[in-house]
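Colleague: This note's numbering applies: residue 4 is where the sequence shown begins, and numbers increase by one. In this text, a Cβ means the ideal position worked out from N, Cα and C, and glycines have one as well. Handing you this structure, nothing more for now.
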Amino acid sequence: MNIKKAIFLTLFLPVLSMLAYIGWNLTKDHALPEWDLPLAPVNASSAKILDGTFRKLGYHWPLAVNAEVPPIMVDPLPEDLGEVTAVKLKKSLFFRAVLPMVLAENAKLNEQRRFLLALFARNELPGKESEKRQWLEEQLVYYRVKGDIQDETTRAELARRLDEIPVALVLAQAANESAWGSSRFARDAKNLFGEWTYKEGEGLIPEARAEGEGHSVRIFPTLRASVKSYMNNINSGRAYDELRVMREEMRNNQRPLEALKLANGLLQYSERGEAYVEEIKKMIRSNRLNTLREVTLNLERDS
Numbered sequence: 004m005n006i007k008k009a010i011f012l013t014l015f016l017p018v019l020s021m022l023a024y025i026g027w028n029l030t031k032d033h034a035l036p037e038w039d040l041p042l043a044p045v046n047a048s049s050a051k052i053l054d055g056t057f058r059k060l061g062y063h064w065p066l067a068v069n070a071e072v073p074p075i076m077v078d079p080l081p082e083d084l085g086e087v088t089a090v091k092l093k094k095s096l097f098f099r100a101v102l103p104m105v106l107a108e109n110a111k112l113n114e115q116r117r118f119l120l121a122l123f124a125r126n127e128l129p130g131k132e133s134e135k136r137q138w139l140e141e142q143l144v145y146y147r148v149k150g151d152i153q154d155e156t157t158r159a160e161l162a163r164r165l166d167e168i169p170v171a172l173v174l175a176q177a178a179n180e181s182a183w184g185s186s187r188f189a190r191d192a193k194n195l196f197g198e199w200t201y202k203e204g205e206g207l208i209p210e211a212r213a214e215g216e217g218h219s220v221r222i223f224p225t226l227r228a229s230v231k232s233y234m235n236n237i238n239s240g241r242a243y244d245e246l247r248v249m250r251e252e253m254r255n256n257q258r259p260l261e262a263l264k265l266a267n268g269l270l271q272y273s274e275r276g277e278a279y280v281e282e283i284k285k286m287i288r289s290n291r292l293n294t295l296r297e298v299t300l301n302l303e304r305d306s
């Protein structure tokens, strides 16, 4: 059985059932669906092997505007990725490795958002003992929204936070923060976005950490967990209120989410402020990442 066939058999059939169940479950008081999209693991010990795997899958770079990406999860990144001297190849390997995880997490957010808005569109919310109501309450905690879910202002704030983040923005920040997947934190902590933790023993201590500071770089079990955490950080952190308001305005005006404009909401992501924002914008432009707006996961690969 070839690799494409294996991906189809292990991923596509369960995902079809899941998506059908989500649509049915919007108006039924039954168990909640499983949101996570499964990705087939790919473990490539070298950049050369990873490149060969991508070639076998027909996964080339640059991608067409409406390309479909194989549902795979490269984890870990090849240790020699930073040693690739051909800049275009190194960039393309990094982008192709991270992209499916970003698409999968955004797909999850979109399905959850659709589910959320459908519940809010009812005349009244589900009963307090129902799984749907418990799920709503859990989202308030996960997205750090204070208030009563019965309150319209609280519901509006939750809807503002539970939304996708443009692929171009995620990839540009991942590349910037991880030095194209070659940083110590990307290799040893599977941390693509430089996220910190103040919990003792749960992170890697930065070599350049100033005396008296207590932060460390958070360790993740998988690269996908790093992507998920980053998205929650952007969607819930107080520092990114402006980004979320801009995104909501784009939604209300039925416009696509524009990564270059939303990048202006990242002023507090780095101590470098405006210089950091301009660097992220430059990476989006120079790598033509906005062309990935219509790219999707290909869940129908069978040949």
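Just mark Gly197 as buried or exposed, buried being the case when its beta carbon has 16 or more other beta carbons within 10 Å.
Modeller: buried
Colleague: Can you name, in chain order, every residue of its own chain whose Cβ lies under 6 Å from the Cβ of Asn158, other than the five neighbours on each side?
Modeller: Looking at the sequence provided, one finds Arg at residue 158 rather than Asn. Same-chain partners within the cutoff: Phe123.
Colleague: Who does Thr299 pair with in a DSSP beta bridge?
Modeller: DSSP output for Thr299 lists Glu71 as bridge partner(s).
Colleague: Can you give me the C-alpha to C-alpha distance between Leu96 and Leu161, rounded to a whole angstrom?
Modeller: 35 Å
Colleague: How big is the Cα-Cα spacing for Ser186 and Asn293?
Modeller: Going from the Cα of Ser186 to the Cα of Asn293 covers about 25 Å.
Colleague: How long is the line joining the alpha carbons of Leu40 and Gln153, rounded to whole angstroms?
Modeller: Note on geometry: alpha-carbon atoms of Leu40 and Gln153 lie some 30 Å from one another.
Colleague: Just the C-alpha distance for Phe11 and Leu302, rounded to the nearest angstrom, thanks.
Modeller: Note that Phe11 scores a pLDDT of 44, beneath 50, so its modelled location is shaky; the value from the coordinates is reported in the next line. C-alpha separation (whole angstroms): 7 Å.
Colleague: May I ask you to verify whether the stretch 164 to 177 touches the stretch 91 to 105, counting CB pairs closer than 8 Å and requiring at least 3?
Modeller: yes
Colleague: Would you mind reading off the limits of the beta strand (DSSP E) that contains Ser219?
Modeller: 219 to 221
Colleague: Measure from the alpha carbon of Ser219 to the alpha carbon of each residue in Asn235, Trp199, Lys231, Gly268, then state which is nearest.
Modeller: Trp199
Colleague: Is it right to say Leu60 is buried, meaning 16 or more other beta carbons lie within 10 angstroms of its own, or is it exposed?
Modeller: So Leu60 ends up on the buried side.
Colleague: By the DSSP assignment, the alpha helix (DSSP H) with Val45 in it spans what residues?
Modeller: That residue, Val45, is in no alpha helix (DSSP H); its beta strand (DSSP E) goes 43 to 45.
Colleague: Taking the straight line between their C-alpha atoms, what separation do you get for Ala228 and Asn109?
Modeller: 13 Å
Colleague: Closest to Leu295 by C-alpha separation, out of Ser181, Leu102, Val144, Leu265, would be which residue?
Modeller: Leu102
Colleague: Taking the C-alpha atoms as reference points, what is the distance between Ser48 and Leu42?
Modeller: 19 Å
Colleague: Could you pull the DSSP bridge partners for Val77 from this structure?
Modeller: Note: Val77 sits in a beta bridge opposite Val45.
Colleague: To the nearest angstrom, how far is the alpha carbon of Ala70 from that of Gly130?
Modeller: 42 Å
Colleague: Is the Cβ-Cβ distance between Leu80 and Lys93 less than 8 Å?
Modeller: no
Colleague: Classify Gln137 as buried or exposed, calling it buried when 16 or more other Cβ atoms lie within 10 Å of its own Cβ.
Modeller: exposed
Colleague: From Thr225 to Leu112, what does the alpha carbon distance come to, in whole angstroms?
Modeller: 19 Å
Colleague: Could you tell me which residues DSSP puts in a beta bridge with Gly206?
Modeller: Arg221
Colleague: Going by Cα to Cα distance, which pick from Lys284, Val170, Leu270, Tyr145 is closest to Asn236?
Modeller: Tyr145
Colleague: Does Thr157 come out as helix, strand or coil in the three-state DSSP assignment?
Modeller: Helix.
Colleague: If you draw a straight line from the C-alpha of Ser181 to the C-alpha of Ser273, how long is it?
Modeller: 14 Å
Colleague: Based on Cα-Cα distance, which residue from Gly150, Leu128, Glu37 lies nearest to Val114?
Modeller: Reading off the sequence, residue 114 comes out as Glu, not Val. Among Gly150, Leu128, Glu37, the Cα nearest to that of Glu114 belongs to Glu37.
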